[in-house]
Structure formats: structure tokens, C-alpha cells
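Chemist: Sharing a structure here in C-alpha cells format.
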Amino acid sequence: MTMQTVFERPKSLKDVPSHFCPGCHHGLIHRLVAQNLDRLGLQQQTIGVASVGCSVFLYAYLDVDVIESPHGRAPAVATGAKRVQSDKFVFTYQGDGDLAAIGTSEIIHAANRGEAFSVLFVNNTTYGMTGGQMAPTTLLGQESATSPGGRSAERDGHPIRMAELLAQLDGVAYSTRVAVDNPQHVRQADKAIEKAFRLQRDEGRFAFVEILSTCPTNWGMDPRQANARVAEEMIPCFPLGTFKDTQSQEGNQ
Amino acid sequence: MSQSTPARVFLKGNEAVCYGAIEAGCRYYFGYPITPQSEIPALMSSELPKHGGQFLQAESEVASINMLLGASACGARAMTSSSSPGISLKQEGISYLAGSELPGLIVNISRSGPGLGGIDASQADYFQAVKGGGHGDYRMIVLAPHSVQEMYDLTMHAFDLSDRYRMPAMLLGDSLVGQMKEAIELRPRPEVELPAKDWIVTGKGERSEQRIVKSLFLGDGELEAHNRHLQAKAEALRANEVMAEEVALDDAELVLVAFGAAARIAKTAVRMARETGLKVGMLRPITLFPFPERHLARLAETARRFLCIELNTGQMVEDVRLAVNGRREVHFYGRPPGTGSLPTPEELYEQIRESY
Ligand SMILES: Cc1ncc(C[n+]2csc(CCOP(=O)(O)OP(=O)(O)O)c2C)c(N)n1
Ligand code: SF4
Ligand SMILES: [Mg+2]
Numbered sequence: 001m002t003m004q005t006v007f008e009r010p011k012s013l014k015d016v017p018s019h020f021c022p023g024c025h026h027g028l029i030h031r032l033v034a035q036n037l038d039r040l041g042l043q044q045q046t047i048g049v050a051s052v053g054c055s056v057f058l059y060a061y062l063d064v065d066v067i068e069s070p071h072g073r074a075p076a077v078a079t080g081a082k083r084v085q086s087d088k089f090v091f092t093y094q095g096d097g098d099l100a101a102i103g104t105s106e107i108i109h110a111a112n113r114g115e116a117f118s119v120l121f122v123n124n125t126t127y128g129m130t131g132g133q134m135a136p137t138t139l140l141g142q143e144s145a146t147s148p149g150g151r152s153a154e155r156d157g158h159p160i161r162m163a164e165l166l167a168q169l170d171g172v173a174y175s176t177r178v179a180v181d182n183p184q185h186v187r188q189a190d191k192a193i194e195k196a197f198r199l200q201r202d203e204g205r206f207a208f209v210e211i212l213s214t215c216p217t218n219w220g221m222d223p224r225q226a227n228a229r230v231a232e233e234m235i236p237c238f239p240l241g242t243f244k245d246t247q248s249q250e251g252n253q
Numbered sequence: 254m255s256q257s258t259p260a261r262v263f264l265k266g267n268e269a270v271c272y273g274a275i276e277a278g279c280r281y282y283f284g285y286p287i288t289p290q291s292e293i294p295a296l297m298s299s300e301l302p303k304h305g306g307q308f309l310q311a312e313s314e315v316a317s318i319n320m321l322l323g324a325s326a327c328g329a330r331a332m333t334s335s336s337s338p339g340i341s342l343k344q345e346g347i348s349y350l351a352g353s354e355l356p357g358l359i360v361n362i363s364r365s366g367p368g369l370g371g372i373d374a375s376q377a378d379y380f381q382a383v384k385g386g387g388h389g390d391y392r393m394i395v396l397a398p399h400s401v402q403e404m405y406d407l408t409m410h411a412f413d414l415s416d417r418y419r420m421p422a423m424l425l426g427d428s429l430v431g432q433m434k435e436a437i438e439l440r441p442r443p444e445v446e447l448p449a450k451d452w453i454v455t456g457k458g459e460r461s462e463q464r465i466v467k468s469l470f471l472g473d474g475e476l477e478a479h480n481r482h483l484q485a486k487a488e489a490l491r492a493n494e495v496m497a498e499e500v501a502l503d504d505a506e507l508v509l510v511a512f513g514a515a516a517r518i519a520k521t522a523v524r525m526a527r528e529t530g531l532k533v534g535m536l537r538p539i540t541l542f543p544f545p546e547r548h549l550a551r552l553a554e555t556a557r558r559f560l561c562i563e564l565n566t567g568q569m570v571e572d573v574r575l576a577v578n579g580r581r582e583v584h585f586y587g588r589p590p591g592t593g594s595l596p597t598p599e600e601l602y603e604q605i606r607e608s609y
């Protein structure tokens with residue numbers, strides 16, 4: 001009987017134990033990034049820009065060159081990097097505290113300039129690394145370390161929808177939101193990342209992929225409950241879909 | 254520019270910075286508008302593209318220093334310029350440059366503060382520049398030009414030092430040296446040997462090892478070792494890179510200490526004092542970090558007294574006192590910056606007489 005390999009570690013992903021909590025989606029998202037770098041033959045020409053958050057150790061998992069950025073500034077760092085190494089593949093990997101709070105200015109202006117890099121935005125509705133404080137993406141009513149009694153619209157404002165917001169900007173070629181809570185969603189996320197990466201590689205375009213993610217530790221849930229929360233609570237507020245696609249007729253839906 | 258006789262041109266200090274930077278091979282500029290440094294982005298936006306470089310107006314000073322960080326990590330000679338309020342915003346990025354051992358030039362054509370302050374010549378940012386305006390135990394190379402020629406020359410020198418020590422460098426000027434016009438020589442870039450940039454991120458290419466530019470060190474003992482390494486570089490700068498101008502110091506009984514714009518005015522006052530028979534000289538620190546401590550310690554053996562002159566209420570004087578170490582009196586004269594508050598040579602001459 002001949003054996004066929006149906007599943008293996010992408011070359012761009014290192015063979016090391018992960019520090020992520022059980023049930024955290026960061027590890028799965030890292031894998032999707034690695035597998036797309038492999039698929040598009042980008043590993044040797046990639047410069048990743050890590051942000052400050054639970055994904056700060058991007059370089060410990062992805063076998064590519066990496067610049068570690070100050071909190072929220074990854075799009076500015078990537079702008080400088082890509083303008084110098086314009087033939088290289090550059091992406092940022094940012095959390096929701098990083099991109100949607102302290103780094104809103106940098107992401108909006110990099111997107112508006114249409115910088116030729118790709119952004120992976122991991123939205124877990126909280127500040128994971130610092131212990132589960134309220135983020136701009138925290139859902140109404142969601143308990144966090146700094147929203148006792150739950151997020152209140154009057155006191156704290158409403159959750160911010162970055163994929164929709166950035167879709168308004170002319171510099172953006174593609175803005176989409178995906179999730180990785182079931183196999184079908186994982187396949188869609190994989191395709192979205194591939195599309196974003198191709199847009200940079202082939203056309204030098206800016207693309208934004210928001211990925212809904214879990215933080216069981218700070219949500220006070222077990223991995224199974226956390227995974228279920230994505231469909232039950234997050235997707236109703238953060239609908240999956242593509243908000244801008246300059247390549248497709250069905251864009252701007 | 255590699256002609257044998259350097260061109261003589263009439264330039265503003267801020268323009269000289271641009272030509273110095275381009276001659277030094279700087280091809281990337283990132284900045285945000287602020288007075289009194291506006292000539293720099295304006296000239297860079299028209300000149301850099303002619304040299305195959307890029308000018309980018311950022312959305313803020315925070316973004317521009319981080320663009321510089323990215324460009325520097327990718328191996329480019331890159332710069333940003335601003336003035337005091339904008340330099341405050343860059344401090345986080347400067348700390349990250351220092352921690353990640355990235356070179357890069359930050360030009361501060363400083364103005365008066367605190368807060369919005371005003372746009373007059375000021376040396377109120379001395380502490381911020383040399384004591385570490387950002388967080389962490391780091392040092393930054395700080396050069397203080399006092400003429401348009403030095404704006405040109407020291408810009409080139411700052412890039413070389415910054416690359417050699419893998420440390421950010423600041424050119425600390427003010428509206429006086431930035432705005433005044435003088436005839437200068439556009440000298441060719443000095444030929445210096447610099448270490449290969451074998452640490453930059455380029456994508457792995459043929460390499461099997463990844464490269465990482467970072468400032469987070471969480472392993473046991475890692476950060477202490479990193480900080481010791483950073484301090485060793487600062488020590489090497491102190492040992493090898495101090496620059497200061499000595500004016501009429503041979504028999505000086507009173508030594509003035511002043512840098513930048515204040516030193517220009519003080520030079521005239523020293524001449525006036527010499528004409529009336531007073532034995533007065535001046536030490537002008539050109540590198541504010543590394544500071545000319547040994548020059549001052551040596552002078553403390555022969556001079557009777559020191560008079561530190563600054564366009565602020567007393568910042569560098571603290572470093573002069575440390576270097577003199579109680580052996581001689583150190584007087585201070587300064588005026589808080591503000592419109593019309595630049596001291597005149599006559600005013601400084603009066604101070605010289607009082608301190609003599
Ligand atoms: C200037 C600055 N402010 C605050 C912090 C502290 N801090 C570290 S990570 C983080 C937030 C991380 O949250 P997020 O970006 O959502 O990433 P996650 O850990 O959830 O993946 C914060 C506020 C910092 N490092 N720097
Ligand atoms: S704290 Fe949250 S985001 Fe961070 S690794 Fe754990 S589960 Fe993931
Ligand atoms: Mg988060």
C-alpha cells in the first residue's frame with residue numbers, strides 16, 4: 001500500500017512548541033499565514049512586521065525575516081520597510097488593541113496611501129496579552145477586566161468594525177472579514193489570505209484581512225465554549241464577508 | 254558630488270542639512286510639517302526623487318519615526334526632521350531604535366516650550382536630547398552645529414557615527430542656525446570605513462537563518478546582557494568620538510562653555526573681552542553626547558572659573574558641573590527662550606565681567 005501525505009507542517013512554520021493558550025486561534029492563524037507563504041513561494045522574500053500583543057513572538061513561529069514594531073505602529077514600520085525593499089513581500093500581523101485602538105492613525109493612513117503590503121488583523125475582542133481589558137472591539141455587554149458589568153454603549157461607545165471602515169478608503173484593494181471557528185470558515189480564511197497576498201505579490205496592492213479569533217483565557221471560557229462564542233456572539237456583530245474587492249464585480253456588497 | 258574643489262554656495266542652515274544628508278547617501282526622508290524646520294521637508298521632497306530616493310510626508314511624527322525604523326531595519330540611510338513638540342512625539346520610536354540597535358538621523362530644529370511655546374531659537378531640549386527623552390537606559394549620539402557649514406558637515410558625520418555604532422543620532426539645532434544663511438563649501442562625503450550591515454532584514458533570500466530586528470528580550474539574563482552591550486557602545490563613543498572647539502583657551506582664566514547658537518553669540522563676547530585685556534576663552538561642545546568631560550576636567554586644572562551660557566534656564570550647566578567636579582566655581586547665564594529674548598554679545602560681555 002502506498003502512503004500519501006495529506007497533512008504536514010508548512011515549510012515557513014517552525015517546528016517548535018507554541019506558547020499560546022489552549023483554544024487560542026493565534027496558532028491556527030499563524031499556520032494559515034505560513035501555508036500561504038509556502039503556496040505562493042514567498043518565504044525567502046518575506047519581511048514580517050510583528051506587533052505588540054500575544055503575537056509579538058511571530059518570528060519564533062514563522063521562519064522569515066521579522067521586524068518587531070512598537071505597539072500600534074506596524075503599518076508605519078511596514079511602510080518604511082516596503083519603500084526600501086519594494087521587491088520584497090511585506091505583511092503586518094496585528095491584534096485589535098494594537099490596530100483598532102493605539103494604532104488607528106497608522107493603519108488608516110497606510111491603507112489610504114495604498115501601501116503595497118498586506119495586513120492580518122486578529123480581532124479577539126480584547127487585549128489578550130495585558131490580561132483581558134476592554135478593546136474598541138469588545139462587544140456590548142461583554143465583561144472585561146476594565147468593563148465591569150459589561151461594555152456599555154453610553155460609557156464606552158460601540159464596537160468598531162475595521163474591515164468596513166477601511167473599505168471606504170480608495171487605497172484599499174481588498175477588505176474582508178473571516179473566521180476560523182469551523183473547517184468551512186478556515187478554508188474561506190485561507191482563500192482570503194491567499195487573495196490578499198496575491199494582490200501584493202502580483203499587483204502591489206494593499207489588502208486587509210480581519211480574522212475573528214478567540215481568547216479563552218481572558219473570556220473565562222474553555223476552548224470549546226470560546227470557539228462557539230465566535231458564531232454565537234461575534235459574527236452577529238462582526239459579519240463575515242468582503243466589503244471591498246476591486247477585482248470582483250460583486251465587490252462593495 | 255565628487256569634484257576636486259568643493260562648490261561654494263549660499264545656503265540656509267536647514268538647506269545645508271538636506272545637501273549633507275543626500276551627499277551622505279541618505280535616500281529616505283519621513284516627516285510631518287512644523288516650523289522652524291519646514292525648509293527641510295520642502296527641499297527633500299524635490300531633491301530626493303532626483304537621486305532615486307523617496308520623500309514621504311507622514312500622518313504624524315509618531316508615524317514618521319516608525320517609517321524611519323522600518324527603512325533603517327531594511328538597510329537604508331534614512332532621516333526624519335522636526336521641531337520640539339514633534340520630537341516629543343518621536344521619543345517612543347527613538348527608544349525602539351536604540352533598543353533595536355538601528356541607525357537613523359533625527360534632526361531637531363528646536364523651538365521654545367513647554368507645550369506649544371513659540372518658534373524662537375531655544376536650547377530648551379538639551380535634557381531631552383542627551384538624557385534620553387524616551388524610556389529605557391539608552392544613549393543617543395547628539396551633535397550641535399553652530400554654523401551653516403557645520404549643519405552640512407555634521408549631518409554627514411552623524412550618519413557615519415550612527416551606522417558605526419548602530420545607534421540613532423540627533424542633530425540638535427535651533428531656528429537661528431536653521432534659518433540663517435552663510436556661504437559654505439559643499440565638501441564631498443568623507444571616506445570612512447564602516448562595518449558591513451550584516452543584520453538587516455531583506456527576506457531570507459539565499460540565507461537559511463532568519464534575521465530579526467527587535468528590542469524585546471525576555472530570556473533569563475538576556476536583557477541585562479543587551480543593556481550592557483548598549484552601554485559598552487556608549488562608552489566607546491565617550492572614548493573615541495568627542496568633538497569640541499577650543500577658543501582662546503591657552504591662558505584663559507575664565508572659560509565660557511556654550512554650544513550651538515549660544516556659542517555664536519558667546520564667541521563675539523569672548524572677542525570683546527580679549528580686546529579689553531580679560532583672559533577669557535571658550536569651550537564649545539560639538540558632540541553633546543558624548544560630552545567633552547575630559548576637556549573640562551583638564552581645563553579645571555588651569556582656569557579659575559567657568560561660565561556656562563545657554564538659551565534656557567540651565568541644562569547643560571549640570572553636565573559642566575559634573576565634569577568640573579567641584580574644583581572650580583561654575584556660573585550660569587541663560588535666558589528663558591521667548592520672542593526677543595536672545596542675549597546680545599554686550600549682555601554676555603557684562604556677564605563675563607561679573608564672573609571674571
Ligand atoms: C505604548 C504601549 N502601551 C501599552 C502597551 C501594553 N500592551 C502590550 S500588548 C497590549 C495589547 C494587546 O492587545 P491586542 O493588540 O488586542 O493583541 P492580543 O494580545 O489580544 O492578541 C498592550 C496594551 C505597550 N506595550 N506599549
Ligand atoms: S491570552 Fe488570549 S490571545 Fe493571548 S495566547 Fe492566551 S488565549 Fe491567545
Ligand atoms: Mg486582542
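Line by line, the protein sequences are chains Z and F.
This note's numbering puts the first residue of the first sequence at 1, with every later residue one more than the last.
This note's numbering puts the first residue of the second sequence at 254, with every later residue one more than the last.
Ideal placement from N, C-alpha and C gives every residue a C-beta, glycine not left out.
Going along the chain, which residues of the region 275-298 of chain F sit with their C-beta nearer than 9 Å to a C-beta in chain Z?
Modeler: R280, Y281, F283
Chemist: Evaluate Z/T79 with the Cβ neighbour count: other Cβ atoms within 10 Å of its Cβ, from every protein chain shown; 16 or more gives buried, anything less gives exposed.
Modeler: buried
Chemist: Are the region 26-46 of chain Z and the region 222-234 of chain Z touching by the rule of at least three beta carbon pairs closer than 8 Å?
Modeler: no
Chemist: Which word fits F/R460, buried or exposed, when buried means at least 16 other C-beta atoms lie within 10 angstroms of its C-beta?
Modeler: exposed
Chemist: What's the call for Z/E154, buried or exposed, on a 16-neighbour Cβ count within 10 Å?
Modeler: exposed
Chemist: Give the secondary structure of Z/D98 by DSSP, where H, G and I count as helix, E and B as strand, and everything else as coil.
Modeler: helix
Chemist: Nearest-angstrom Cα distance between F/L536 and F/H388?
Modeler: 31 Å
Chemist: In or out: Z/Y61 buried (at least 16 other Cβ within 10 Å) or exposed?
Modeler: Under the 10 Å beta carbon count, Z/Y61 is surrounded by 16 or more other beta carbons and is classified as buried.
Chemist: Are the Cβ atoms of F/D427 and F/I362 separated by less than 8 Å?
Modeler: If you check the CB distance, F/D427 and F/I362 come in under 8 Å.
Chemist: Given this structure, state the Cα-to-Cα distance separating F/L396 from F/A311, to the nearest angstrom.
Modeler: When rounded, the distance between both Cα atoms is 25 Å.
Chemist: Less than 8 Å between C-beta atoms, sequence neighbours within five positions excluded: which residues of the same chain meet that for Z/L13?
Modeler: H30, R31, A34, Q35, Y61, L62, D63
Chemist: Are the C-beta of F/T455 and some C-beta of chain Z separated by less than 8 Å?
Modeler: yes
Chemist: Taking the alpha helix (DSSP H) that Z/L58 falls in, what are its first and last residues?
Modeler: 58-61
Chemist: Taking the alpha helix (DSSP H) that Z/A145 falls in, what are its first and last residues?
Modeler: No alpha helix (DSSP H) holds Z/A145; DSSP gives it neither H nor E.
Chemist: Using 8 Å for Cβ pairs, my map puts Z/D96 next to Z/V52. What's the rounded Cβ distance?
Modeler: That belief does not hold up - the Cβ atoms of Z/D96 and Z/V52 are roughly 12 Å apart, past 8 Å.
Chemist: Taking the straight line between their C-alpha atoms, what separation do you get for F/I372 and Z/T176?
Modeler: 46 Å
Chemist: Interface residues of chain F around Z/A255 at Cβ under 8 Å?
Modeler: In the structure as shown, chain Z begins at 1 and stops at 253. Residue 255 of chain Z is therefore absent and cannot be evaluated.
Chemist: Might you give, ordered along the chain, the residues of its own chain that have their beta carbon closer than 6 Å to the beta carbon of F/G328, omitting 5 neighbours on each side?
Modeler: K450, I453
Chemist: Which same chain residues, not among the five before or five after Z/R39, have their C-beta less than 7 Å away from its C-beta?
Modeler: E194
Chemist: If we count Cβ pairs, one from each stretch, closer than 8 Å, do we get three or more for the region 159-177 of chain Z versus the region 101-117 of chain Z?
Modeler: The region 159-177 of chain Z vs the region 101-117 of chain Z: in contact.
Chemist: Does the CB of F/L309 have a neighbour CB from chain Z at under 8 Å?
Modeler: For F/L309, a Cβ of chain Z is located within less than 8 Å of the residue's own Cβ.
Chemist: Looking only at its own chain, which residues have a Cβ that is under 7 Å from the Cβ of F/H479, when we skip the five neighbours before and after it?
Modeler: F470
Chemist: Answer with buried or exposed for Z/H19, where buried requires no fewer than 16 other C-beta atoms within 10 angstroms of its C-beta.
Modeler: exposed
Chemist: Could I get the ranges of all uninterrupted alpha helix (DSSP H) runs contained in the region 270-318 of chain F, with 4 residues as the minimum, in chain order?
Modeler: 292-300
Chemist: At 7 Å on the CB atoms, spell out the chain F contacts of Z/V64, in chain order.
Modeler: K457, Q463
Chemist: Along chain Z, which residues have their Cβ under 9 Å away from the Cβ of F/Y391?
Modeler: The contacting residues do not exist; F/Y391 stays about 14 Å from chain Z at best.
Chemist: Which runs of the beta strand (DSSP E) spanning at least 3 residues fall entirely within the region 528-558 of chain F, listed in chain order?
Modeler: 533-538, 540-542
Chemist: Just tell me which of F/V583, F/Q463, F/R606 has its CA closest to the CA of Z/D65.
Modeler: F/Q463
Chemist: Counting beta carbon pairs with one atom in the region 497-516 of chain F and one in the region 561-573 of chain F, are three or more of them shorter than 8 Å?
Modeler: The region 561-573 of chain F vs the region 497-516 of chain F: in contact.
Chemist: Please give me, in chain order, every unbroken run of the beta strand (DSSP E) with length at least 3 that falls completely inside the region 118-178 of chain Z.
Modeler: 118-123
Chemist: Find out if the Cβ-Cβ distance for the pair Z/L169, Z/R151 is shorter than 8 Å.
Modeler: no
Chemist: So is Z/P17 in contact with chain F if we call contact Cβ pairs under 8 Å?
Modeler: By this cut-off, Z/P17 is not an interface position.
Chemist: If contact is defined by three or more beta carbon pairs under 8 Å, each pair taking one atom from either stretch, is the region 374-385 of chain F in contact with the region 519-530 of chain F?
Modeler: Two segments are said to touch when three or more pairs of C-beta atoms, one from each, lie closer than 8 Å; by this definition the region 519-530 of chain F does not touch the region 374-385 of chain F.
Chemist: Applying a beta-carbon distance threshold of less than 8 Å, which residues of chain F neighbour Z/A81?
Modeler: When 8 Å is used as the limit between beta carbons, Z/A81 is near these residues of chain F: G323, A324, A326, C327, V454, in chain order.
Chemist: Listing by chain order, which chain Z residues have their CB less than 8 Å from the CB of F/L469?
Modeler: When 8 Å is used as the limit between beta carbons, F/L469 is near these residues of chain Z: V56, E68, in chain order.
Chemist: Give the residues of chain Z in contact with F/A316, contact being defined as C-beta atoms less than 9 Å apart.
Modeler: R73, P75, A76, T79, S105, E106, H109, A110
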